[in-house]
Structures are given as structure tokens and as C-alpha cells.
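Have a look at the structure below before the remarks.
Number of protein chains: 2
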Amino acid sequence: MATGTGTGGGRRRPTVADVAREAGVSVATAGRALGDYGRVGDDLRDRVKAAADRLGYSPNVVARSMRSGGTHSIGFVGADISNPFFATALRGVCDVAREHGYEAILTNSDDRLDVERAAVQVLLDKQVEGIVVAPTSVTDVDHLKRAQEVGVPIVLLDRSSSALDADSVVIDNEMAAHDAVTYLLNLGHRRIGMLACVDVEESPEVVARAGTGRLQARGAARPSIDRIRGYLAAMDDYLAPSSADLVRCTGLGSPAQAEREADALLALAQPPTAVFAADNVATQGVFRAARRRGLAIPGDLSMVGFDDLDWTTLVDPPLTVVAQPPLDMGRTAAEQLFARIKGEDRPGERIVLPTELIVRSSAAGHGAQKRSA
Amino acid sequence: MATGTGTGGGRRRPTVADVAREAGVSVATAGRALGDYGRVGDDLRDRVKAAADRLGYSPNVVARSMRSGGTHSIGFVGADISNPFFATALRGVCDVAREHGYEAILTNSDDRLDVERAAVQVLLDKQVEGIVVAPTSVTDVDHLKRAQEVGVPIVLLDRSSSALDADSVVIDNEMAAHDAVTYLLNLGHRRIGMLACVDVEESPEVVARAGTGRLQARGAARPSIDRIRGYLAAMDDYLAPSSADLVRCTGLGSPAQAEREADALLALAQPPTAVFAADNVATQGVFRAARRRGLAIPGDLSMVGFDDLDWTTLVDPPLTVVAQPPLDMGRTAAEQLFARIKGEDRPGERIVLPTELIVRSSAAGHGAQKRSA
DNA sequence: TTGCTTTGAGAGAACGTTCTCTCGAAGTGG
DNA sequence: CCACTTCGAGAGAACGTTCTCTCAAAGCAA
Chain L
1 MATGTGTGGG RRRPTVADVA REAGVSVATA GRALGDYGRV GDDLRDRVKA
51 AADRLGYSPN VVARSMRSGG THSIGFVGAD ISNPFFATAL RGVCDVAREH
101 GYEAILTNSD DRLDVERAAV QVLLDKQVEG IVVAPTSVTD VDHLKRAQEV
151 GVPIVLLDRS SSALDADSVV IDNEMAAHDA VTYLLNLGHR RIGMLACVDV
201 EESPEVVARA GTGRLQARGA ARPSIDRIRG YLAAMDDYLA PSSADLVRCT
251 GLGSPAQAER EADALLALAQ PPTAVFAADN VATQGVFRAA RRRGLAIPGD
301 LSMVGFDDLD WTTLVDPPLT VVAQPPLDMG RTAAEQLFAR IKGEDRPGER
351 IVLPTELIVR SSAAGHGAQK RSA
Chain S
1 MATGTGTGGG RRRPTVADVA REAGVSVATA GRALGDYGRV GDDLRDRVKA
51 AADRLGYSPN VVARSMRSGG THSIGFVGAD ISNPFFATAL RGVCDVAREH
101 GYEAILTNSD DRLDVERAAV QVLLDKQVEG IVVAPTSVTD VDHLKRAQEV
151 GVPIVLLDRS SSALDADSVV IDNEMAAHDA VTYLLNLGHR RIGMLACVDV
201 EESPEVVARA GTGRLQARGA ARPSIDRIRG YLAAMDDYLA PSSADLVRCT
251 GLGSPAQAER EADALLALAQ PPTAVFAADN VATQGVFRAA RRRGLAIPGD
301 LSMVGFDDLD WTTLVDPPLT VVAQPPLDMG RTAAEQLFAR IKGEDRPGER
351 IVLPTELIVR SSAAGHGAQK RSA
């Protein structure tokens, strides 16, 4: 009683042996005829292929993988695919993978190191030939190193790590933030707030510093931290006061939490006249908080957001944002990965894709628009 | 010269045989100790596990898959992951998969039947244990049937098919559209336009019909077609004129194209006073076109959109939309799939998840707000 | 015809796991 | 002390492919 829903019934998939029997040849010959390797007579080849068609044969790639070692699969590890940034990047990765005849196995880390570790291990056990990962941590990379050691190349997406000799595809987060904040400074703003979705504990020194010293190596931390660095540097350039309470961080990814933090920022006794939002969730949070408080943008509050999502041109006013190219980032990461998979061997390369400050209408001049170096 | 980037170097992964040698036991015993099957002495088990740790052994699941037939992988086939609907649904699928110890292999069909066919075949060759698919066509399902025949269960997402005995997880598209349009009708609108992202050729009869006859079986076509049906039915209920030029269709997915069609709709000699947008891309298109034409919403034009994306509450005015639950749809689809994978056998079930008309401020009354049956 | 190469095809190993079979050792009851 | 069960461990097959080896037959030059 086969219901056809695919559960119990299911007659066995035909194998090479079945085809061989059907065609009246040996397994070896059938294999050669089907796989186009070795030498086979033309007539026999046709006979075998006809038999294969009759049986609806298609090769079991799992068996093939075991024999040859290559699974034609790559892994993707991102924080959360439902985030448009990752969704778009993943799209890029998948497209390139398909061009190479590969498929992608997807994994979410939710930005948790333990989950990421487990995910990488699973992918390794599944014998993927390479992994594109947006790593949770750039210092805790032992699991990624282990992958490389067993011959599975790693490409970092969105973050790069000095602790790992791997290709990475990133944007210049510090510069992007620096430019955005400088833009606000040039408009005359001095009291500029910032909102980012990171755990505060991740870089207490950066947050607490607020206005002293120069920053060290770039690309050493996660994107938002670098963006905070860029913010601080720009503020320093203009001798603008950047007290710790102007930089608010929120837990990862929750829009509601982002709005709450944004609200707290705007509720300061001496509130900022402009805000830089360091990612798309924060951007949404700032926009919502401003509206809830009845602040006109850019009249009462100027803002610059991050990520050029569709909605930034749907709202009123259209938002000035820092745009990064997620599709290209995904594609580039995958291309680097396939170069490695094909055997290319060279030190890890850090590929920096350009960002663009798209000026629209969410930021306006403030006070005397003085310009300084 | 191992650079560590994971290309050439890579010493071979240790196997059970390696562990056995290290522990001084037979392969069979090592296998039992590691896999927790059969009988092993406690001391030996410890010895083997210690050896495994020393070598950094972890099982090759490809080999395991070949032996046992189960790959612990499922496939996902969607039109385009960068579309928020699919991204969110996929997230749900992945979450449930992980709960069951499975991973998902991702594939985009771009709404092209040939691509979908190829994708399903690849997944089958990769021996996935089940597939969640948002099918391009609901009549052309031979490839899905074949999957079922070889024992791979199929769950349809977002669309259901009478030509296939499989579970499906959908919303009641016709009713959702009917409710939305009725809402507009109750507000007094009679000249109501509709915009959907489908190829017009897909249902010339539906589009051309415009106002006669009753619709046949539900769920027989793709979502947008059912939504058009719902629109037509509601218009009929109120004896409102639904001429063919009020229903515009655009090619799949392009926001720019959607905006152009929306603009054409609004440029009619006798333009609609309200528009129902049948998907999130169309919603964006209508909103953009209205703004470009300087039409106030809801003053000059009322609208109801589809999909409750973040941005619908960020714009001014916040949009009245039909909300569907993509995360739940993904989760439910995966749960159905795993029930099948675990062996449950019963006729295909059509699960209809509830939609909600979220009334916000993008639709207002028009003329004498008359109510009829 | 002899000796050589080329061609086509089969036998069988290998990949790394799981699992059945077998068999000796140890334990137990009468 | 013997028959009988239980336990622990090894040998080896199996999954479906690929690929090496072997070998017979055929082709060809001397």
C-alpha cells in the first residue's frame, strides 16, 4: 500500500550493479560507460546508457564522495539568515557555488561561539570541501584552525582575524564609520551619539576609553567594534567630546532592544543632536525611537544609518546611510574559497570591498557649520 | 611547507582504524567503543576513547551515511533566499532541522521550473532524507513525485498541489485577499486596483475574466493567482466593476518593474481609489509609485499591502497589511517533514496557517461608506 | 608464424563506517 | 567436573562508487 507520500514504500534506487545486470555487462564496464572514464566500446556504452535510462539510474554521490573524497559541498556559517545582510551574502555564496557545481550547507550560529564551534564540527564531519564563515569571535579561532589543518579551507566573511591565516572579505568598518561621523561633524554636529548591536563586555576598553589615545591594528575585532573605533577617531579629529554615555550598545539583533537603547540615548539630559547607527538593526531602532519621541528628522535629530536596505528609501525622510555590498561580499568570499579548493596555495588575503556613504535627507546642518581638520 | 590556509597540507583525518591501532584493539572493537553499540568492556572502551581524543578523531559521516543510508540532511528549495519571506521560512526550517540533528542544503530556483528540477535531482543524488520545496509549478510535479517514489518525502511550502499527494503548509491566499479587498470595499471604495508579481501568461483566464463566474477548487495555483481570485470574488460580492486593466501583473520579483506597473495602474484615465498589493515586492512598488506621483496615502489613495515586514511600520503612514507567518510556516513544514522521515505514513495533509489583516493607517473611507452583502 | 602493441572488458580492491558472525574465555548451576 | 549461558572481542562483509590490475582478443609489422 504505497501512499506515494514518500515514507515507507520507496523502492530502492537503482545502482550501477542494477544497470550492469540490465545491460548484461559487468559492474566495471557499466561504471566506465556511465562515468565516462576508461575505455568502453561505443556500442556497449550506448547499451549501458539505454539501460540506465530505462531504470532511471542516477549516481549516488554519497558513495562517490566516499570513494573520491570530494563531496561537492561547502558550508556557510552565519549569525542569522533571516538578517537581510546574511541572506543576501548567502545568496551570493550559493550562486557562485552552483556555478562550480557545488551546493551549500547552511548553519546559523546566532552569534554564539559554542554554537559556531558545533556547527563547524558538523560541517567537517559532513566532509565539506570548504567553509565560508562570519565568525563570532576573531580571537577564538581554534576550531577554524583545525578545519584548515585537515585540509578544509576557510574564508572569513564580514570579519577578519589576525589569529588565523585565511582569506577574508570585509569592508573597512573603521573608515566607513569615520566617514559617516565626519560627515555629521562637517554639518556642524558635535554632540553625536552612536548605537551598535554588540555586547558591551566585548570591548569595555574601547567603549570606556572615550576620547584618548590612537587605535591599534585594524580588523582585529568584530565589525561593530571597528565602527566604534572609527566613530571615536572622527570625534577626536574634531576635538568633539565623546563621553561614554554617548555610545550605547545593545545585545545582538533584537530590534526591540535596539529601540530601547536608542530611546535611552535620546533621553539623555544633554541629548545628542545627531546619531550614527552602526548596523541595520540599530538604524531601525534609532528611527523608531526618534519618531516615538516626536523628534523630526533631520530637524530635531540628524542620523546616518548602516546598510542600504530597501526601506531606507521608503521612509520619510529617505535615510543617509553607509552602504556595503553584501551580495558581492558573498560572491567574493565564495570565489576565494573555490580558488583554494582548486588547490591555489598562498598566504591569506584580506579583501576590502568599498563602502559608500549615500547622502540622502536624514542629516542636516547644525549651528555654525564650522569646518576644521 | 604548510601555510596553514588549508589547501595542500592537510594531513589525513584519522579513521577508526587509526584509533584502533593507537589503542591496540581491532577495528570492530574500536567501532563499538566509539559508536556505543554492541558490547565492549569498560576498560577497553575508555582506552579507545582516550586514543580517539589523542588523535582528534571524529567520525566521517559520509561513510556512515553510505553504510546506513541516512545522511541527516534535508533539502530546501526556494525561489530566492534574499527575499525576506524565504529567508525567514528557511530560518524556521533550519531551526527545526537542527533540533532533530539534521542540516539543510540550500537551493534557489529563481522561480524557474528547469532550475527547480535540476535542484531536486541534485538533492536526491546527495541522498537527502527529505525536501521542503516552494514549488514553481503546482501542475508540473513529476520531479517531486519521483522523489517520493524513491522514498524521499516532500513537503510543499507556500503552495499546495492537487497533483501531488504531499503535505503542504500554506495560508488561505484567496481568503486573505478576499478579506483585504472586502475591507477596502467596506470603506466605500469601488474602483480598486490590484498589483501582483506573477507572469500574466500563467493565468490569462483569471486575469481576462474580470467579473464573471465563480472560482473553482482552491489551492490549485500559485499564491498570487489565488490572491487574484480572492480579489475578484470580493469585487463580485459588492458588484464592483473589476475591469482587466485594474489588475496588473509584473514579472517576478523585480522592485523596479513592480513600481513601473504600479505607476501604470495609477496613471489610468479613471484611476483606482484604492490598491491591493498582493506580495511584499508589489507593496513596495505601489508605495513608491504613489509617492512619486505625489499621491497622499490614504488621502488620495488607500492601500493594503502583503507581508508584515519591518518597514511597513517605519513608513508614513504605517501600512495596513495582510500578515502571514513565514517563520511558523518554515517550522511547520520542517516538522511535517520529520514526521515523515521518522516513518509516519498517511495521506498528504494541507495545513493552513492563519493570516491576519493588520489594520494601520494606509486605508481610509471613500465617498458614502455604504455597506452591502 | 612470431612477437609486439592496442583495445575492450572483467575481477576485485579501496574508501570508512556499521553490523553480523564466529569463537574463545569466563561465569554459573546441577 | 561438566554442560550451558553470557560476555567480550576479532574477522570480515556490506553500502555504491571509482579505479587499478589483469587478461583475452584483435590488429599489425617483420
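Read top to bottom, the protein sequences are chains L and S. Mapping to our numbering: the first sequence position 291 is 291, numbers consecutive. Mapping to our numbering: the second sequence position 116 is 116, numbers consecutive. Backbone N, C-alpha and C fix where the C-beta goes; we use that ideal spot for every residue, glycine too.
Just confirm the distance between the C-beta atoms of Asp226 (chain S) and Asn173 (chain S), as a whole number of angstroms; I'd bet it's less than 8 Å. 4 Å
Closest to Val359 (chain L) by C-alpha separation, out of L:Ser26, L:Ala104, L:Ile351 and L:Val304, would be which residue? Ranking L:Ser26, L:Ala104, L:Ile351 and L:Val304 by Cα distance to Val359 (chain L) puts L:Val304 first.
Once the 5 residues before and after Asp95 (chain S) are set aside, which same chain residues still bring their CB inside 7 Å of it? Arg331
Hey, is Asn60 (chain S)'s beta-carbon within less than 8 Å of any beta-carbon in chain L? Under the Cβ distance rule, Asn60 (chain S) counts among the residues neighbouring chain L, one pair being separated by less than 8 Å.
Chain S beta carbons: is any one of them nearer than 8 Å to that of Gln121 (chain L)? yes
Euclidean distance between Cα positions of Asp36 (chain L) and Asp18 (chain L): One Cα belongs to Asp36 (chain L), the other to Asp18 (chain L), and the distance between them is close to 18 Å.
What are the residues in the segment 132–151 of chain L lying within 8 Å of chain S by C-beta distance? Lys145, Arg146, Ala147, Gln148, Glu149, Val150 and Gly151
Asn108 (chain L), enclosing beta strand (DSSP E) - first and last residue: Glu103 to Asn108
Looking at chain S, is there any beta carbon in it that lies within less than 8 Å of the beta carbon of Asp18 (chain L)? no
Beta-carbon proximity of Arg291 (chain S) to Leu265 (chain S), cut-off 8 Å: no
Give a yes or no on whether 8 Å exceeds the smallest Cβ distance from Glu103 (chain L) to chain S. yes
Could you tell me how far apart the beta carbons of Val152 (chain S) and Leu106 (chain S) are, in whole angstroms, since I believe they sit closer than 8 Å? With 8 Å as the limit, Val152 (chain S) and Leu106 (chain S) do not qualify as a contact, their Cβ atoms being about 17 Å apart.
Going by DSSP in three states, Glu344 (chain L) sits in which element: helix, strand or coil? coil
To the nearest angstrom, how far is the alpha carbon of Arg117 (chain S) from that of His143 (chain S)? 6 Å
As a quick exercise: from L:Asp158, L:Tyr183, L:Ala296 and L:Ser242, pick the residue whose alpha carbon is nearest that of Gly193 (chain L). L:Ser242
Along chain L, which residues have their Cβ under 8 Å away from the Cβ of Asp310 (chain S)? Pro255, Gln284 and Trp311
If contact means a Cβ-Cβ distance below 8 Å, which residues of the segment 261–275 of chain L contact chain S? none
Tell me the DSSP bridge mates of Arg350 (chain S)? S:Ser168
DSSP three-state assignment for Ile297 (chain S), whether helix, strand or coil: coil
Are the beta-carbon atoms of Ile374 (chain L) and Pro317 (chain L) separated by less than 8 Å? The question about residue 374 (chain L) has no answer, for chain L in this structure spans 1 to 373.
Do Ile154 (chain L) and Ala163 (chain L) count as a contact pair if the criterion is CB distance below 8 Å? no
Could you confirm whether any beta carbon from chain L is found closer than 8 Å to the beta carbon of Ala303 (chain S)? Strictly speaking, residue 303 (chain S) in this sequence is Met, with Ala absent from that position. Answer no: the Cβ-Cβ gap between Met303 (chain S) and chain L never drops below 8 Å.
Output, in chain order, the set of chain S residues within a Cβ distance shorter than 8 Å of Ile81 (chain L). In chain order: Ile81, Ala87, Leu90, Arg91 and Cys94.
Going along chain S in order, which residues have a C-beta closer than 8 Å to the C-beta of Leu314 (chain L)? Gln284, Phe287, Arg288, Trp311, Leu314 and Val315
Chain S partners of Pro84 (chain L), CB-CB under 9 Å? Ser82, Pro84 and Ala87
Determine the burial state of Glu103 (chain S): buried for a count of at least 16 other Cβ atoms within 10 Å of its Cβ, exposed for fewer. Burial is judged here by how many other beta carbons sit within 10 angstroms of a residue's own beta carbon; Glu103 (chain S) has at least 16 and is buried.
Tell me, to the nearest whole angstrom, how far the beta carbon of Ala147 (chain S) is from that of Val120 (chain S); I am working on the premise that it is less than 8 Å. 6 Å
Would you please state the rounded distance, in angstroms, between the beta carbons of Asp310 (chain L) and Pro271 (chain S)? I believe it to be under 8 Å. Not quite, the Cβ-Cβ distance comes to about 25 Å (not below 8 Å), so this is no contact.
With 16 other Cβ atoms within 10 Å as the buried cut-off, status of Phe85 (chain S): buried
Using the beta-carbon count (16 or more within 10 Å), is Thr29 (chain L) buried or exposed? buried
Return the chain-ordered list of same chain residues with a C-beta closer than 6 Å to the C-beta of Ser65 (chain L), the five sequence neighbours on each side being excluded. Thr71
Starting from Cys249 (chain L), trace the beta strand (DSSP E) both ways and give me its first and last residue. Boundaries of the beta strand (DSSP E) harbouring Cys249 (chain L): Val247 to Cys249, taken from the DSSP string.
Verify whether the separation of the beta carbon atoms of Val181 (chain S) and Gly251 (chain S) is less than 8 Å. no
Quick check on Glu129 (chain L): does DSSP put it in helix, strand or coil? In the structure shown, Glu129 (chain L) sits in coil (DSSP, three-state: anything other than H, G, I, E or B).
Spatial neighbours of Gln257 (chain S) within its chain, please: CB distance less than 6 Å, with the 5 preceding and 5 following residues excluded, ordered by chain position. Thr250 and Gly251
Using only the alpha-carbon positions, how far apart do Pro347 (chain S) and Ser168 (chain S) sit? In this structure, the CA atom of Pro347 (chain S) is about 11 Å from the CA atom of Ser168 (chain S).
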